[in-house]
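*Asks:*
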Amino acid sequence: MTKLSEPDRVAVARYLDGETKAEARTAFEARLHAEPALAEALAEANALRGIFACARTEPAPVLRPGLGDRVLQRLQRVDGGTTDLGIERRVVRLARICVVAAAVIFAFAVLFGSGAARLPDSGHLQADASSELIKVLDAKMKAAQPPGVRR
Amino acid sequence: MQVDENDLIAAAAAGDHGAFQSLLELHQARVHRLLSRFTRDPGELEDLAQEVFIKVFRKLHTFQHDSAFYTWLYRIAVNTATDYLGRQHRRRLHLVESDAELDAVRQHEKTAGSAAPLLEEEVRRVTREVLATLPDKYRAILILREFEDLSYTDMAATLQCSLGTVESRLFRARARFKEALERMHPELVPQYAAPRAQRGSPR
Numbered sequence: 410m411t412k413l414s415e416p417d418r419v420a421v422a423r424y425l426d427g428e429t430k431a432e433a434r435t436a437f438e439a440r441l442h443a444e445p446a447l448a449e450a451l452a453e454a455n456a457l458r459g460i461f462a463c464a465r466t467e468p469a470p471v472l473r474p475g476l477g478d479r480v481l482q483r484l485q486r487v488d489g490g491t492t493d494l495g496i497e498r499r500v501v502r503l504a505r506i507c508v509v510a511a512a513v514i515f516a517f518a519v520l521f522g523s524g525a526a527r528l529p530d531s532g533h534l535q536a537d538a539s540s541e542l543i544k545v546l547d548a549k550m551k552a553a554q555p556p557g558v559r560r
Numbered sequence: 007m008q009v010d011e012n013d014l015i016a017a018a019a020a021g022d023h024g025a026f027q028s029l030l031e032l033h034q035a036r037v038h039r040l041l042s043r044f045t046r047d048p049g050e051l052e053d054l055a056q057e058v059f060i061k062v063f064r065k066l067h068t069f070q071h072d073s074a075f076y077t078w079l080y081r082i083a084v085n086t087a088t089d090y091l092g093r094q095h096r097r098r099l100h101l102v103e104s105d106a107e108l109d110a111v112r113q114h115e116k117t118a119g120s121a122a123p124l125l126e127e128e129v130r131r132v133t134r135e136v137l138a139t140l141p142d143k144y145r146a147i148l149i150l151r152e153f154e155d156l157s158y159t160d161m162a163a164t165l166q167c168s169l170g171t172v173e174s175r176l177f178r179a180r181a182r183f184k185e186a187l188e189r190m191h192p193e194l195v196p197q198y199a200a201p202r203a204q205r206g207s208p209r
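Taken in order, these protein sequences are the chains called A and B.
Residue numbers for the first sequence follow the numbering used here, so the first one is 410 and each next one is one higher.
Residue numbers for the second sequence follow the numbering used here, so the first one is 7 and each next one is one higher.
1) Using a Cβ-Cβ cut-off of 7 Å, state whether VAL58 of chain B counts as contacting chain A.
2) Could you round the C-beta distance between PHE26 of chain B and PHE63 of chain B to whole angstroms and report it? I think they count as a contact, below 8 Å.
3) My output table needs one value for GLU444 of chain A: the three-state DSSP class, helix, strand or coil.
4) Assign ASN455 of chain A to one of two classes, buried (16 or more other C-beta atoms within 10 Å of its C-beta) or exposed (fewer than that).
5) Report the rounded CA-to-CA distance for ARG182 of chain B versus TYR144 of chain B, giving the unit in angstroms.
6) Helix, strand or coil for ARG98 of chain B? Go by DSSP, reduced to three states.
7) Consider the Cβ of GLY475 of chain A: report whether some Cβ of chain B lies at a distance smaller than 7 Å.
8) Can you tell me whether ILE543 of chain A is buried or exposed, with buried defined as 16 or more other CB within 10 angstroms of its CB?
9) Is it buried or exposed, MET190 of chain B, if we count other Cβ atoms within 10 angstroms and call 16 or more buried?
10) Excluding the 5 residues flanking HIS33 of chain B on each side, which residues of the same chain have their C-beta closer than 7 Å to its C-beta?
11) Is LEU271 of chain B helix, strand or coil by DSSP?
12) Confirm, please, whether the CB-CB distance from LEU54 of chain B to LEU66 of chain B is below 7 Å.
13) Does GLU428 of chain A come within less than 7 Å of chain B when only Cβ atoms are used?
14) What residue range does the alpha helix (DSSP H) around SER28 of chain B cover?
15) For PHE63 of chain B, go through chain A and note every residue whose CB falls closer than 7 Å to its CB, in chain order.
16) Spatial neighbours of ALA163 of chain B within its chain, please: CB distance less than 6 Å, with the 5 preceding and 5 following residues excluded, ordered by chain position.
17) Which value, in whole angstroms, describes the spacing of the CA atoms of VAL9 of chain B and ARG473 of chain A?
18) For ALA464 of chain A, go through chain B and note every residue whose CB falls closer than 8 Å to its CB, in chain order.
19) At 9 Å on the CB atoms, spell out the chain C contacts of TYR158 of chain B, in chain order.
20) According to the neighbour-count rule (16 or more other Cβ atoms, all chains shown, within 10 Å of its Cβ), is ARG175 of chain B buried or exposed?
21) What residues in the segment 11–44 of chain B have a beta carbon less than 7 Å from any beta carbon of chain A?
22) Any idea what DSSP makes of GLU103 of chain B, helix, strand or coil?
23) Indicate whether the contact test is met: 3 or more Cβ pairs, each with one atom in the segment 12–22 of chain B and one in the segment 440–453 of chain A, closer than 8 Å.
24) Pull up the distance between the alpha-carbon of THR491 of chain A and that of ALA422 of chain A, whole angstroms please.
25) Mind pulling the chain B residues with CB within less than 8 Å of GLU415 of chain A?
26) What residues of chain B sit near GLU467 of chain A, judged by a beta carbon separation below 8 Å?
27) Should VAL480 of chain A and GLN56 of chain B be called a contact, given that it needs their Cβ atoms to be closer than 7 Å?
28) Find the nearest neighbour of LEU150 of chain B within the set B:ALA87, B:ILE60, B:LEU14 and B:ASP13, judged by alpha-carbon distance.
29) Mind pulling the chain A residues with CB within less than 9 Å of PRO48 of chain B?
30) Suppose you measure from the CA of THR171 of chain B to the CA of LEU194 of chain B; what does that come to, to the nearest Å?
31) For LYS551 of chain A, does the count of other Cβ atoms within 10 angstroms reach 16, so buried, or fall short, so exposed?
32) Kindly indicate which three-state DSSP category HIS67 of chain B falls into: helix, strand or coil?
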């Protein structure tokens, strides 16, 4: 890369971009003839412009028709009538609070509901019920067995 | 019938959707082309274009007529595109599809007889790829200058900065681009840039 000060390089860019005023342009062109380093910097900058000139010829992707309609639909959806963004946000926030509250109530119900089944007496009750059930089943099996068969 | 842009702006700012739609139709192609320099993905382009015009509709009442309407519009488009791409974690743009695809192009170029059109396509791809690596402010100013051909004054109005800032930022942006190009694709610099340099002339 050519060694040149930043102001000179900016002047080169300004010249290439057609942003140099008429009188400054004449003076700059005189310098170009006298200073090889400036001319070299101009060639370098111009080379880069060549790359951009090639890239800029690329066509943009096709624009889908109806952009205006889609934008207006979005605007109406967000701004129009009763569905403005503020209300939508409030509804969503309320729904979230309801869901959290329901989850908390459910958790309490599960916790205390199953806790009741574990009260001190409930174990005895369950054991009594089980032994009664076993006795009934035993009796039924004995009755169902043919005579002479021993368990 | 020729409709005055200022009338459309005034009517749209007052909430006239029809006027807004006419204004949008006047500028949509230009905005779309500008946005396509930031992303080539059709879905992203559509989202960006919608976002830009929604912002335009909402901010129209703040337009002061102290600059051309299109530079004001460009400002919104550049900021929207930059913010959007920032949210995408500065990921590589869809501008460059994939290394494999680029390799395929190179391979095809080697085997095909006419390399010129492919070389041009490769230059486009590489330009997009290198642009995508630059910081937002450099990428934006290069797009405005090299692709949209904005004057320094219009760039200053679009980017809301002084002419001096435009000059120095543009200088740094080009330097950064050249540096990245030489680092990422050194093969392209002598093969493509040098012959162009001899043909080029000031605008």
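Cβ coordinates follow ideal geometry from the N, Cα and C atoms, glycine included.
The model shown is predicted, which means the values in this text are computed figures rather than measured ones.
*Replies:* For this structure:
1) no
2) 6 Å
3) coil
4) buried
5) 8 Å
6) With a pLDDT of 46 at ARG98 of chain B, under the threshold of 50, the modelled position of that residue is not reliable, and the figure given next carries that caveat. Three-state result, ARG98 of chain B: coil.
7) no
8) exposed
9) exposed
10) TYR76 and LEU79
11) Outside the shown range of chain B (7 to 209) lies residue 271 of chain B, about which nothing can therefore be said.
12) no
13) yes
14) 23–41
15) LEU484
16) SER73 and THR77
17) 24 Å
18) VAL129, ARG130, THR133, ARG134, GLU152 and PHE153
19) Any reference to chain C falls outside this structure, whose protein chains are A and B.
20) buried
21) HIS23, GLN27, LEU30, GLU31, GLN34, ALA35, HIS38, ARG39 and SER42
22) Below a pLDDT of 50, predicted positions are generally treated as unreliable, and GLU103 of chain B, at 44, falls in that range; no measurement from the model is reported.
23) no
24) Caution is warranted here: a pLDDT of 35 is assigned to THR491 of chain A, below 50, making its placement in the model unreliable, and the coordinate value is therefore given only provisionally. Whole-angstrom Cα-Cα distance: 55 Å.
25) SER174 and PHE177
26) ARG130
27) yes
28) B:ALA87
29) PRO470, VAL471 and ARG473
30) 30 Å
31) exposed
32) helix
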